[in-house]
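Okay, structure first, notes after.
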Amino acid sequence: MATNVSAPGGRAASAPLLGHESEPTMFELSVSGRSSYQLRTTGVPATPLDQLVPAEHLSKGTVALAELSERDLVAHFTRLSHRQYSVDLGAYPLGSCTMKYNPKFCDAIAADPGLNTVHPGVPAELAQGWLELLVSLEEKLCVITGMSAATLQPAAGAAGELTGLLLMRAFHQSRRDVRNRVLIPDSAHGTNPASVTLGGYEVTTIPSNDRGLVDLEALKCSLGPDVAGIMLTNPNTVGLFEEEIIEIATAVHDVGGLLYYDGANLNAILGAVRPGDMGFDIVHMNLHKTFATPHGGGGPGAGPVAVSARLEEFLPGPRAVRGANGAYEWQRPAHSIGRVHGWHGNAMVLARALAYIDVHGGDGLTRVAQLAVLNANWLRKRIEKTLPAAYDRVCMHECVLSATKLKEAYGVRGLDVAKALLEEGFHAPTVYFPLIVDEALMFEPTETESPQTLEALAEALERIEQRAIADPDSLHRAPQTTPVSRVDEARAARHLVATEDAASR
Amino acid sequence: MLGFLGMSSLEQLFDHIPAAVRLSGGLDLAPGQSEPDVADYFSRLTRANKGQSAALACFAGAGAYDHEVPAVVKMLSSRSEFVTAYTPYQPEVAQGVLQAIFEYQTLVSRLSGLPIANASLYDGATALVEALNMAAGATGRQKMIVSTGVHPHWRQVARTFAAGTGHELVEVPLLDGRTQWESVDLADAAAIVASYPNYLGVLEDLAEAKRWGVEHDALFVVAADPVAAGVLKSAGEWGADVFVAEGQPFGTPLAFGGPYLGLFACRSEQVRRLPGRIVGETVDSNDRRAFVTTLRAREQDIRRERATSNVCTNQTLMAVTAAIQLGWLGTQGLREVATRCAQGAHYLFDEALKIDGVRATSTLPFFREFALRVPKKASDVLRAMCDDGVLGGLSVGELCQGFDPSIDDAENVMLVTVTERRTREQIDHYVDTLRKAVR
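Chains as they are written, first to last, in the numbering used here: chain P, 54 to 558; chain C, 251 to 689.
Here it is in structure tokens:
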């Protein structure tokens, strides 16, 4: 494919961010006596507070917030937004995060007052639309993953992981089967081992082989009657499909363990292969990744967990179901592990995901995975002379490249490449993950970036290589054209200033 | 692009997947539809939600409140730079979100009266779970003393996660709306958890709970109403070690329960055990002020199985929204909202008690929410009120769903709240419909 940055079809952010001036905090902008709030005229008797609430409960002081005019409030947050990169601005190839374009249609659906002004505690008959939505989403997620039933309560992927582990625990306990270990590959996301600990299990780490896959022999040596299960991402965090998945599933099931599927990389396999068909018993999904709900600067997400039939009775409750008379109702599964969210989960995220699924349909979702895998492979091959892949063969939706060559030849590290990419108007890839790859740069272009944008990304990386040859020091100082340059992270940790009041100014 | 890879079809990209597990015939889902067609389906769904605010005046609360959210907050929090960014891993291009979180942390710290606040958690219930984990880490003990005045859903969530952590949850009953701390064995407690106000709306004197916390060297955790925190004694003033709250009232719509956000603040000595992200101020290489996520060594991607929590991201967009909403309210606005809630609630309470058969459940003071005992099943009373355009509250029996409500005949008790959006006319109408419904 040959093209250039001036071709039609798009590229990354056309320029670095606008917001180069430091922005005062809202407290620094505050002027005593200014305000912007306006409240409804209610006619409710204005009884003084000290006649309603005993003095021992009332604060003696006033909680000082900022005092701003509406005009200043708007200017402040608009200027902050100019200091923020986002998917809407340009390509965001942050590996393992699936930063695809978020269709505006789905946001418009979620803005409907018929959805977002419903109190979560209303009786089921007043929220029939919501319950139907939840049931429809659950059914479609089960079709996509090849599972039987799902809970929509977990608020994020990590919450889904912990929910899944508690389901695993409830399953074994119901059979009076005491097990205390969960296996995790050494390439796994950090949330996996952290969730295992909170689930009351010990972690056993399984090494990867020289092909970047689970070492099957090592896995078999670690198995025993004390193994509750294994947590796997497939494709794994190196972007490669675990080709021995059938052997892995058989081996784990043979000792009575369960298979947990971390859905972080589900975008790669939509319509191609399903976790249920691979033998997984528990699957969490990241709706904010695969189903394009906006990431919100780090939440809200949603992490539904789907299970095979034998685990359905343990799902969190209440769960929306279609009742005998056609009406929808809440039901608590027979041996439910209990609630994992204060209400019904991140409902607005669930609504967006259903809209995304309905617009794409089965054919569209299959196409999503195909193009995501195509884009990752094209980028991997296009840039192999500059940044060779850690494992040189067909990858799935993301490719893990290594900057080892640049480090050895010019003293330029993966982090320097990532920072220089910010100057080029792109978001950086994920750096130094997975841990098993030296100088790892993990790129996930997603299906929504055009060939022209990918070409622009490749050319930006080639320019960075040229700078590494000509002036490596300039890369150590990068980025300079962004709103701030490299930040002193050590100072932030050594001398914690987490609030305006802790700041010594 | 396929040619560049030496391939002739997209299918070839998946050839290395074992054929035995490949999905043949595609996903069993309907084909994709146009956006307008899907919009039609959703508008049919939304019409089936009879409980939406336009149809019913909302007097339901229990952590989810119908507060004013002005256009300026909706519009600023919808800016796509905030909406479509990810966790600020690259601070050089994420100062917008990072500074907004820093401002949010400052606001939560001031409201809680505690020096350290994190960048938010999923919701109030999961914030409580993280507080319990912090207490276990701080004390090396597993016994959690939780007042049944804590929201029943939060207690349910705490119990669910205790199955993994092995925490022992001891629930302390209420009498006349007051927690009977002395009725349980407090020895070896890791945490003493009180709610302020409690889920039935009652303002308990927290001095006693604090005293027990000190005596047993346990962390004192206060689950608070963040709006009330604008005028009531703060968690810090009561001597709390940890403050948790449901942050929905700060600019987030009712949204059928989510996404909301969990507020979390604590004392400085617990900062190394803090769950989730925290943003700190620092400088860049050119000595300009900059913000960055910090104390990262606690977190799952570095510490793995020894992390303080498995939380990866938080609810940043809701935290940014809360900062904007509190910026809009300002010092005076938050006081005004809190005061108007209390005024409306007390006015309704006094009027409702004039109805034959309707009684209070506690003699203690309340703030903006209260429980009423009615002579029929509360769910039937509420259903009848809905027919007259009033969402009259929540049935305590249904809210607790078999979980200990710590109140007699919970099926006959309804939980009622009033926000600053309810007019006197709506409240008077409420009283008329309640009178009719209990007749």
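By construction, the Cβ of each residue, glycine as well, lies at the ideal position given by its N, Cα and C atoms.
ask   = In the structure shown, what three-state DSSP assignment does Ile-528 (chain C) receive?
value = coil
key: Through-space distance from Arg-272 (chain C) to Asp-265 (chain C), alpha-carbon basis   = 9 Å
Terminal residues of the alpha helix (DSSP H) in which Asp-287 (chain C) lies = 285 to 297
query = Going straight from the alpha carbon of Met-54 (chain P) to that of Glu-497 (chain P), what length do you get?
reply = The predicted position of Met-54 (chain P) is uncertain, since its pLDDT is 31 and thus under 50; no value can be drawn from it.
inquiry  = Taking CB distances under 9 Å as the criterion, tell me whether Pro-246 (chain P) reaches chain C.
reply    = yes
task = Give a yes or no on whether the minimum CB-CB distance between Ile-657 (chain C) and chain P is below 9 Å.
result = no
Tyr-510 (chain C) - containing alpha helix (DSSP H), residue span = Per DSSP, Tyr-510 (chain C) belongs to no alpha helix (DSSP H) and is neither H nor E.
query = Where does the unbroken beta strand (DSSP E) through Ser-397 (chain C) begin, and where does it stop?
reply = 393 to 397
query = For Ser-361 (chain P), which of P:Pro-77, P:Ala-128, P:Thr-204, P:Ala-481 has the nearest alpha-carbon?
reply = P:Thr-204
query = How about Leu-510 (chain P) and Leu-427 (chain P): are their beta carbons less than 9 Å apart?
reply = no
query = Using a C-beta cutoff of 9 Å, does Phe-294 (chain P) count as contacting chain C?
reply = yes
ask   = Quick one: Cα of Val-470 (chain P) to Cα of Asp-268 (chain P), how far?
value = 31 Å
query = In terms of alpha-carbon separation, which member of P:Ala-117, P:Thr-303, P:Pro-173, P:Glu-518 lies closest to Glu-353 (chain C)?
reply = P:Ala-117
ask   = Can you find a CB in chain P that lies within less than 9 Å of the CB of Val-688 (chain C)?
value = no
request  = Evaluate Cys-591 (chain C) with the Cβ neighbour count: other Cβ atoms within 10 Å of its Cβ, from every protein chain shown; 16 or more gives buried, anything less gives exposed.
outcome  = buried
message = Whether or not the region 353 to 371 of chain P and the region 293 to 306 of chain C are in contact is what I'm after, with contact meaning three or more pairs of Cβ atoms, one per stretch, closer than 8 Å; do they touch?
response = no
task = Assign Ala-474 (chain C) to buried or exposed, taking buried as 16 or more other Cβ atoms, counted over all protein chains shown, within 10 Å of its Cβ.
result = buried
ask   = Taking 9 Å as the CB-CB limit, is Asn-560 (chain C) close to chain P?
value = yes
key: Endpoints, the beta strand (DSSP E) within which Thr-257 (chain P) is located   = 255 to 259
Rounded C-alpha distance that separates Ala-473 (chain P) from Ile-517 (chain P) = 7 Å
ask   = Are the region 235 to 244 of chain P and the region 252 to 264 of chain P touching, with three or more C-beta to C-beta distances below 8 Å?
value = yes
request  = Can you have a look at Val-171 (chain P) and say buried or exposed, based on whether 16 or more other CB atoms are within 10 angstroms of its CB?
outcome  = buried
query = Going along chain P in order, which residues have a C-beta closer than 8 Å to the C-beta of Gly-530 (chain C)?
reply = Ala-545, Ala-546, Leu-549, Val-550, Ala-551
task = Please name the residue, chosen from C:Cys-636, C:Asn-564, C:Val-646, that lies closest to Ala-242 (chain C) on a Cα-to-Cα basis.
result = This structure cannot speak to residue 242 (chain C), because chain C is shown only from 251 to 689.
request  = Decide yes or no for the touch test of the region 537 to 546 of chain C against the region 314 to 332 of chain P: beta carbon pairs closer than 8 Å, at least 3 of them.
outcome  = no
query = Is Leu-260 (chain C) closer than 9 Å to Gln-505 (chain P) when the C-beta atoms are compared?
reply = no
message = With a threshold of 9 Å between beta-carbons, can Asn-448 (chain C) be considered close to chain P, or not?
response = no
query = In whole angstroms, what separates the C-alpha of Met-384 (chain C) from that of Ile-528 (chain C)?
reply = 15 Å
request  = Consult DSSP for Gly-282 (chain P) and reduce its assignment to one of helix, strand or coil.
outcome  = strand
ask   = Three or more C-beta pairs closer than 8 Å, one from the region 332 to 342 of chain C and one from the region 519 to 538 of chain P: is that the case here?
value = yes
request  = Quick one: which unbroken beta strand (DSSP E) runs of 3-plus residues sit fully inside the region 366 to 431 of chain C? Chain order, please.
outcome  = 393 to 397, 418 to 422
task = Would you list the one or two residues that DSSP bridges to Gln-137 (chain P)?
result = C:Ala-344
query = Hey, Asp-554 (chain P) and Thr-356 (chain C) are a contact pair by Cβ (cut 8 Å); roughly how many whole angstroms apart?
reply = 7 Å
Contact list for Ser-134 (chain P) against chain C, beta-carbon separation under 7 Å = Arg-329, Glu-331, Phe-332, Gly-346
ask   = Any beta-carbon of chain P closer than 9 Å to the one on Phe-493 (chain C)?
value = no
ask   = What's the gap between the Cα of Val-293 (chain P) and the Cα of Met-284 (chain P)?
value = A small correction: the amino acid at residue 293 (chain P) is Leu; Val does not occupy that position in the sequence shown. If I take the Cα positions, the gap works out to 16 Å.
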